[in-house]
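Enquirer: The structure is given below, and queries will be raised subsequently.
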Amino acid sequence: MLDREGYRPNVGIILLNARNQVFWGKRLRTHSWQFPQGGIKYGESPEQAMFRELHEEVGLYPDHVQILARTRDWLRYNVPDHFIRKDARGHYKGQKQIWFLLRLTGRDSDMNLRATNHPEFDAWRWNEYWVPLDVVIEFKRDVYQMALTELARYLPKVNHHNRYLRGGMRSHGRDHEHEHAGASDFGAGMSDSELADLHHETPPDLAAG
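Position in the sequence shown (from 1) plus 61 gives the number in our numbering.
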């Protein structure tokens with residue numbers, strides 16, 4: 062489903078824990094990391110699509126999260142031509158996204174990357190809010206920066222007198238970052254073959270063969 066300008070409607074999700082760290086997912090069989098995102102189906106509202114993608118990619122349900130904010134308008138990025146099937150070039154441009162800021166009200170153990178038969182991630186971790194954009198594919202970095210900047214004003218205040226700090230953990234740094242599902246490296250960049258695996262960026266009928 063494309064709009065008149067050639068952009069596919071899409072949602073992005075920034076999921077926070079109690080320390081305002083964000084869910085950072087490692088894409089299946091790659092070394093690239095990103096936020097959950099996915100297309101809006103015909104007849105869906107952005108919020109409906111967000112909850113569907115949240116379950117499909119992270120395994121969470123609406124009662125596991127609280128919506129804190131969303132971007133006011135669509136944020137757009139173009140997909141380079143060499144990632145688009147030749148017969149789609151000229152009318153498919155890329156994605157337009159509404160981004161949601163969510164707070165996890167459930168537990169880490171509620172996460173399930175295998176909630177469907179088509180998982181998007183094979184590992185995840187909590188990362189500081191200003192994620193390292195150098196591990197995000199280049200043409201999406203500006204949108205990530207815009208979404209993080211716009212939604213930062215809605216970050217909840219962190220209670221620094223919580224049980225984690227009483228237990229001697231610092232409030233920032235790698236001590237709070239936990240990698241799940243066996244991923245062994247972080248942010249190693251993307252090879253040419255990994256860049257070609259962009260099912261998030263182009264609908265299946267538009268992707269280059």
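Note that CB positions come from ideal geometry on N, CA and C, so glycine has one too.
1) At the level of alpha carbons, what is the spacing between L76 and L136?
2) What are the boundary residues of the beta strand (DSSP E) that F84 is part of?
3) What span of residues does the beta strand (DSSP E) with Y68 cover, start to end?
4) Near I74, which residues of its chain fall below 7 angstroms by C-beta distance, leaving aside the five closest residues on each side in sequence?
5) I'd like the span of the beta strand (DSSP E) that includes D183, first residue to last.
6) Around the Cβ of W94, are there at least 16 other Cβ atoms within 10 angstroms (buried) or fewer (exposed)?
7) Taking 7 angstroms as the limit between beta carbons, can you name the residues of its chain near P123, skipping five residues before and five after?
8) Distance, Cα to Cα, F84 vs E66?
9) Quick one: grab the DSSP three-state call for V197.
10) Go ahead and label W185 buried or exposed: buried means 16 or more other beta carbons lie within 10 angstroms of its beta carbon, across all protein chains shown.
11) What are the boundary residues of the beta strand (DSSP E) that L163 is part of?
12) For the segment 204 to 216 and the segment 146 to 162, state whether three or more C-beta atom pairs, one from each stretch, are separated by less than 8 angstroms.
13) Under 7 angstroms Cβ to Cβ from N71, same chain only, skipping five residues before and after it: list those, please.
14) Compute the Euclidean distance between the alpha carbons of H21 and R150, then round it to the nearest angstrom.
15) Starting from the C-beta of T177, find all residues in its chain whose C-beta is less than 6 angstroms away, skip the five residues before and the five after it, and write them out in chain order.
16) Tell me whether the beta-carbon of G86 lies closer than 8 angstroms to the beta-carbon of E181.
Expert: Quick answer:
1) 18 angstroms
2) 83 to 88
3) 68 to 77
4) F96, P97, Q98, M111, E114, L115, F161, L163
5) 182 to 188
6) buried
7) F112
8) 31 angstroms
9) coil
10) buried
11) 155 to 165
12) yes
13) Q98, G99, G100, I101, Q156, K157, Q158
14) The structure shown does not extend to residue 21, since the chain spans only 62 to 270, so no value can be given for it.
15) E117
16) yes
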